[in-house]
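Okay, so here's the structure we're looking at.
Chains as they are written, first to last, in the numbering used here: chain Y, 4 to 332; chain W, 4 to 332.
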């Protein structure tokens with residue numbers, strides 16, 4: 004964390020209020036962190052780039068929410084409680100001090116909400132589009148991090164919340180007019196766009212994940228593609244009944260307007276929900292525990308033997324996906 | 004650490020060999036780390052951008068060396084031993100797979116050399132210039148991290164290695180023909196350019212720093228500006244004798260060609276040496292301990308009372324600096 008004078012001024016004025024005690028007021032070269040006794044550190048890094056992961060004219064507070072949220076979503080899916088984060092911010096000459104100030108305030112708000120303070124940062128000059136890279140740190144009781152590779156044959160495949168809202172919301176946020184959107188209510192539009200702009204990491208579910216999930220990951224690149232990664236890591240296959248994938252009323256309305264948006268819903272990404280596998284014996288307990296944390300959990304399939312692509316059905320008919328994951332490349 | 008299929012392929016093929024055991028083969032959403040008993044985690048983040056912190060046609064192995072080196076330099080200056088790092092890589096459409104492969108091999112080489120394995124990463128599409136952001140993690144015995152704010156009146160101000168080589172090397176690397184360079188030997192050119200391209204973090208000095216330094220930081224933005232930051236953080240001033248600042252023979256030759264390059268040497272940055280303060284009682288021990296680790300340590304001044312700008316002299320004459328730090332903004 005080197006700092007020239009301009010950067011130093013920026014950091015002091017805008018980001019210092021976000022600093023954790025171990026962040027030393029962001030005034031030193033490094034920060035200090037110690038996990039609780041009996042815990043270990045869980046770490047993840049995710050970067051977002053203007054024009055790729057968010058839109059140039061997005062509200063800076065929304066961008067802050069996304070930049071931190073996508074990282075905390077990874078921690079939650081591993082069963083970890085957030086401890087803090089480090090920020091790397093690339094700003095170009097066209098970005099205003101106002102933008103950065105609003106971004107910093109937004110970051111402060113979600114950092115407080117999610118109890119995840121700032122430990123350190125580096126602000127550099129970007130050439131081209133601005134970028135934000137965040138390293139998030141959390142902790143789990145030793146040996147309790149939930150990996151992708153623990154799914155057992157017979158386990159139920161479950162997802163939190165609702166799927167596909169953000170992927171639909173992206174179309175609306177960038178001003179497209181897809182067929183499925185024509186008769187949506189204003190409230191439906193707002194919900195879908197909000198789900199795209201402000202991912203809500205399922206931090207409340209972290210204890211639930213580490214107590215019940217045999218395998219887990221967060222959904223960022225599309226339910227189908229991400230599920231296939233988890234199953235592959237576990238060396239298993241699955242039978243998935245797509246009509247059981249939980250949808251918001253807005254997504255249901257879109258789907259009834261135009262059935263072809265099922266692909267976007269299932270493969271579009273940006274859900275930041277938790278996908279996990281649980282044993283049939285614990286399923287009821289899982290649903291009630293999640294409900295107590297204010298989150299719905301739904302069973303969408305069953306883990307089966309084998310390494311082939313899972314079999315997908317929708318109301319009894321087989322379905323195939325040409326492109327299971329969203330890709331920026 | 005989300006991953007679409009292309010990214011997944013890249014990470015697997017190129018970066019997996021660099022992974023720490025806790026990095027889980029870079030195949031999960033997060034990584035696991037635990038400090039040694041009685042130790043705490045020290046964290047730092049530094050980003051570098053093509054066209055700002057390195058040159059577009061720099062050797063990718065050199066870029067890797069710089070990206071990791073500047074972070075490990077921060078850890079060493081805090082007295083911390085490296086544990087590992089997380090990588091955020093932004094690549095644009097013009098960057099070739101070859102570039103990334105060479106970068107990954109170079110990163111693997113310095114990661115092995117400096118015993119600092121990879122814990123996780125995210126590869127994203129950059130719009131404009133490529134960027135590399137690294138979060139490095141280290142550990143120190145609890146309570147032993149050395150901060151910037153501990154310098155005491157009467158302490159000796161010391162620096163490791165030699166100062167100014169990289170700042171001079173930058174001029175040569177980008178093809179400028181400054182007056183001071185005209186009569187330099189080929190060997191001098193090579194040394195200065197190498198010092199710019201391949202910073203060598205003073206990892207071997209970490210135990211020395213935590214045992215003897217009252218305050219410390221790494222030198223990234225220029226000796227004068229960085230020293231003023233350390234003194235300000237400690238609430239003290241200093242008397243500095245610039246003729247005692249250690250210079251390589253190449254820098255001495257440059258200085259004798261053109262005395263005005265003193266500014267570049269003292270304020271140009273990219274040194275990645277350690278600046279620290281030590282008590283007079285421990286100074287002799289300090290010099291011999293550093294020498295045993297293969298590094299020269301030199302006293303360049305004395306900490307004095309007060310909060311004013313330090314007084315600088317060069318062979319008895321007072322000197323002032325118009326721009327004590329290099330800035331990319």
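We treat Cβ as the ideally placed atom computed from N, Cα and C, and that holds for glycine.
Using three-state DSSP, classify residue i as helix, strand or coil.
{"i": "residue 261 of chain W", "result": "coil"}
{"i": "residue 411 of chain W", "result": "Limits of chain W in this structure are 4 at one end and 332 at the other, which puts residue 411 of chain W out of reach."}
{"i": "residue 166 of chain W", "result": "coil"}
{"i": "residue 144 of chain Y", "result": "strand"}
{"i": "residue 324 of chain W", "result": "coil"}
{"i": "residue 6 of chain Y", "result": "With a pLDDT of 39 at residue 6 of chain Y, under the threshold of 50, the modelled position of that residue is not reliable, and no figure is offered here."}
{"i": "residue 80 of chain Y", "result": "helix"}
{"i": "residue 115 of chain Y", "result": "helix"}
{"i": "residue 185 of chain Y", "result": "coil"}
{"i": "residue 198 of chain Y", "result": "helix"}
{"i": "residue 217 of chain Y", "result": "coil"}
{"i": "residue 27 of chain W", "result": "helix"}
{"i": "residue 289 of chain W", "result": "helix"}
{"i": "residue 295 of chain Y", "result": "helix"}
{"i": "residue 312 of chain Y", "result": "coil"}
{"i": "residue 125 of chain W", "result": "strand"}
{"i": "residue 205 of chain Y", "result": "coil"}
{"i": "residue 132 of chain W", "result": "coil"}
{"i": "residue 19 of chain Y", "result": "helix"}
{"i": "residue 302 of chain Y", "result": "strand"}
{"i": "residue 107 of chain Y", "result": "helix"}
Here's the rule: buried if 16 or more other CB atoms are within 10 angstroms of the residue's CB, otherwise exposed. What is residue i?
{"i": "residue 203 of chain W", "result": "buried"}
{"i": "residue 186 of chain Y", "result": "exposed"}
{"i": "residue 96 of chain W", "result": "exposed"}
{"i": "residue 133 of chain Y", "result": "buried"}
{"i": "residue 151 of chain W", "result": "buried"}
{"i": "residue 311 of chain W", "result": "exposed"}
{"i": "residue 320 of chain W", "result": "exposed"}
{"i": "residue 57 of chain W", "result": "buried"}
{"i": "residue 217 of chain W", "result": "buried"}
{"i": "residue 158 of chain Y", "result": "buried"}
{"i": "residue 287 of chain Y", "result": "exposed"}
Considering Cα atoms alone, identify which of the options is closest to residue i.
{"i": "residue 1 of chain W", "options": "W:286, W:200, W:67 and W:44", "result": "The requested residue 1 of chain W is not part of the displayed model; chain W covers only 4 to 332."}
{"i": "residue 328 of chain W", "options": "W:233, W:124, W:320 and W:70", "result": "W:233"}
{"i": "residue 46 of chain W", "options": "W:38, W:168 and W:229", "result": "W:38"}
{"i": "residue 73 of chain Y", "options": "Y:246, Y:263, Y:220 and Y:194", "result": "Y:220"}
{"i": "residue 309 of chain W", "options": "W:242, W:83 and W:93", "result": "W:242"}
{"i": "residue 137 of chain W", "options": "W:252, W:126 and W:236", "result": "W:126"}
{"i": "residue 59 of chain Y", "options": "Y:98, Y:289 and Y:231", "result": "Y:98"}
{"i": "residue 153 of chain W", "options": "W:319, W:287 and W:278", "result": "W:278"}
{"i": "residue 264 of chain W", "options": "W:184, W:147, W:55 and W:43", "result": "W:184"}
{"i": "residue 119 of chain W", "options": "W:36, W:42, W:255 and W:228", "result": "W:36"}
{"i": "residue 269 of chain Y", "options": "Y:235, Y:324 and Y:217", "result": "Y:324"}
{"i": "residue 236 of chain W", "options": "W:131, W:306 and W:326", "result": "W:306"}
{"i": "residue 178 of chain Y", "options": "Y:166, Y:167, Y:164 and Y:193", "result": "Y:193"}
{"i": "residue 257 of chain W", "options": "W:144, W:188, W:147 and W:100", "result": "W:188"}
{"i": "residue 61 of chain Y", "options": "Y:102, Y:44 and Y:82", "result": "Y:102"}
{"i": "residue 112 of chain W", "options": "W:326, W:146, W:65 and W:147", "result": "W:65"}
{"i": "residue 34 of chain Y", "options": "W:63, W:34 and W:82", "result": "W:82"}
{"i": "residue 227 of chain Y", "options": "Y:100, Y:167 and Y:42", "result": "Y:167"}
Grab me the residues of residue i's own chain with a C-beta within less than 7 Å of its C-beta, minus the 5 sequence neighbours each way, in chain order.
{"i": "residue 244 of chain W", "result": "303, 304 and 316"}
{"i": "residue 301 of chain Y", "result": "161, 162, 247 and 249"}
{"i": "residue 70 of chain W", "result": "51, 135 and 137"}
{"i": "residue 84 of chain Y", "result": "141, 142 and 209"}
{"i": "residue 290 of chain W", "result": "300"}
{"i": "residue 206 of chain Y", "result": "75, 79, 85 and 117"}
{"i": "residue 322 of chain W", "result": "245, 315 and 316"}
Between residue i and the rest of its own chain, which residues show a CB-CB distance below 8 Å, the 5 nearest in sequence each way excluded?
{"i": "residue 40 of chain Y", "result": "none"}
{"i": "residue 121 of chain Y", "result": "18, 21, 22, 23, 26, 29, 87, 88, 89, 90, 110 and 114"}
{"i": "residue 8 of chain W", "result": "Annotation note: pLDDT 36 at residue 8 of chain W (below 50); position unreliable, coordinate value reported separately. Within the same chain, residue 8 of chain W has no close Cβ partners at all."}
{"i": "residue 173 of chain Y", "result": "199, 271 and 273"}
{"i": "residue 196 of chain Y", "result": "172, 175 and 176"}
Only counting the same chain, and skipping five residues up and downstream in sequence, which positions put a Cβ closer than 6 Å to that of residue i?
{"i": "residue 76 of chain Y", "result": "204, 221 and 275"}
{"i": "residue 107 of chain W", "result": "17 and 18"}
{"i": "residue 93 of chain Y", "result": "127, 129, 133 and 134"}
{"i": "residue 48 of chain W", "result": "138"}
{"i": "residue 4 of chain W", "result": "Here residue 4 of chain W scores only 40 on pLDDT, less than 50, and its place in the model should not be relied on; the value that follows carries that caveat. For residue 4 of chain W, where only same-chain residues beyond five positions count, the Cβ hits under 6 Å are 32, 123 and 125."}
{"i": "residue 314 of chain W", "result": "242"}
What are the start and end residues of each continuous alpha helix (DSSP H) run of 4 or more residues lying completely inside the stretch 220-245 of chain W, in chain order? 226-237
Would you list, in sequence order, the uninterrupted alpha helix (DSSP H) runs of no fewer than 4 residues that lie entirely inside the stretch 44-104 of chain Y? 63-80
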